[in-house]
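Asker:
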Amino acid sequence: MSTTPAKTAPTELLAEINKSGSTNLHHVNPQEKNPLPSAEDVLQKGHRQNLLQSLNQFDVSCLNHTCTKQRVILPDTGIIAEEKHHQEHIENIGKFKRTSLKRTESMEKGCLPSQDVINQERTEAELRDRIGSFNKDQLKHTTTEEKTVLPSPDDIQHEKVEQELRDRIGSFHKEDLNPTETAVKVVLPTEDVIEQEKQEQELKNSINSFKRASLKHAETQEKNPLPQSDAIQLEKKETELRQSIEGFEKNQLKHAVTDEKVKLPTKEEILEAKKLEK
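Following full-length UniProt numbering, the numbering of the sequence shown begins with 1 at its first residue and continues without gaps.
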């Protein structure tokens, strides 16, 4: 009679438990934790219960009866024209004949990289190879020196003054202040200001009550003054000068040799310079 694995597994497990013994086990004190709700949870639960009670006790008869009005918004002429145009466009697409299309052949072009792109890729590949084959043993060990910059006497004095000022502001008593009364002064406008405002008001009233019928019809005459003879002559000279400059040929110029002359000082100038130096 053969035994199945389902029946032998518990037997082997019990045998291993008996072999291990109770000496290898550690004593554990189980602690039962019952976390109490916080004050916020209690308030939230109470608020929810009050809300549910108010909903259950709500009287539907307190509501007022209202009549619903159904409004049908008709489209305007722009929307109607747009829909009509869209419908005609769809009908034209449905009636379109493919036989009217012309056959075209697609030409596939293979764009080869330029010489600059090839050189750039080659440089990047060489740089990656150099980085991958770099030997860290060639590096030299350096010692990092950490420098702590101490504050200057001016900075210390500035911080000391600020700290004393904060202490004085924090320990200041409002009782040491003296009460003051604010005097409200009403400045009346002068006669010039009143007269100016009066004139502005009269001007506004006259503009508002102005009648266009009192205006007289006027005809505008457009004048196109022609330039004088002096201006025409001046423009003619400028045009001729510009044309002569643009049409000038450098081949007509002659080669010239520049002589550099150095003027030497005379005896009198030398003696005068020596006297000034003394």
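Cβ coordinates follow ideal geometry from the N, Cα and C atoms, glycine included.
At which residue ranges does the stretch 29–101 contain complete alpha helix (DSSP H) runs of 4 or more residues, listed in the order of the chain?
Answerer: 39–56 and 77–94, all fully within the stretch 29–101.
Asker: Here's a check: name, in chain order, each residue in its chain whose Cβ is nearer than 8 Å to the Cβ of residue 7, leaving out the five neighbours to either side.
Answerer: Mapped onto the sequence shown, residue 7 falls at position 7. Because the pLDDT of residue 7 is 49, which lies under 50, any placement of that residue in the model is unreliable, and the number read from its coordinates should be weighed accordingly. Once the five neighbours on either side are set aside, residue 7 has no close Cβ partner at all.
Asker: Between which two residues does the alpha helix (DSSP H) containing residue 201 stretch?
Answerer: Taking the sequence shown and counting its residues from 1, the one referred to as residue 201 is at position 201. Start and end: 191–208.
Asker: In this structure, does DSSP put residue 121 in helix, strand or coil?
Answerer: Within the sequence shown, the letter at position 121 stands for residue 121. Here residue 121 sits in helix by DSSP.
Asker: Work out the CA separation of residue 226 and residue 192 for me, nearest whole Å.
Answerer: Counting from 1 along the sequence shown, the entry for residue 192 is found at position 192. Counting from 1 along the sequence shown, the entry for residue 226 is found at position 226. Taking the straight line from one Cα to the other gives about 51 Å.
Asker: At which residues does the alpha helix (DSSP H) containing residue 239 begin and terminate?
Answerer: Position 239 of the sequence shown, counted from the first residue, corresponds to residue 239. Run containing residue 239: 229–246, per the alpha helix (DSSP H) assignment.
Asker: Report the rounded CA-to-CA distance for residue 96 versus residue 108, giving the unit in angstroms.
Answerer: Residue mapping note: residue 96 aligns to position 96 of the sequence shown, counting from 1. Residue mapping note: residue 108 aligns to position 108 of the sequence shown, counting from 1. Rounded to the nearest angstrom, the two C-alpha atoms are 29 Å apart.
Asker: Kindly indicate which three-state DSSP category residue 152 falls into: helix, strand or coil?
Answerer: Counted from its first residue, the sequence shown places residue 152 at position 152. Correct three-state label for residue 152: coil.
Asker: So, at 8 Å on beta carbons, what are the nonlocal neighbours of residue 37 in its own chain, with the 5 sequence-adjacent residues on each side left out?
Answerer: In the sequence shown, counting from the first residue as 1, residue 37 sits at position 37. So the list reads 45, once near-sequence residues are dropped.
Asker: Please determine, among 147, 162 and 148, the residue with the shortest C-alpha to C-alpha distance to residue 154.
Answerer: For the purposes of this step, residue 154 is identified with residue 154 of the sequence shown, where counting begins at 1. The shortest Cα separation from residue 154 among 147, 162 and 148 belongs to 162.
Asker: Just verifying my parser: in three-state terms, what is the DSSP assignment at residue 161?
Answerer: Position 161 of the sequence shown holds residue 161. Here residue 161 sits in helix by DSSP.
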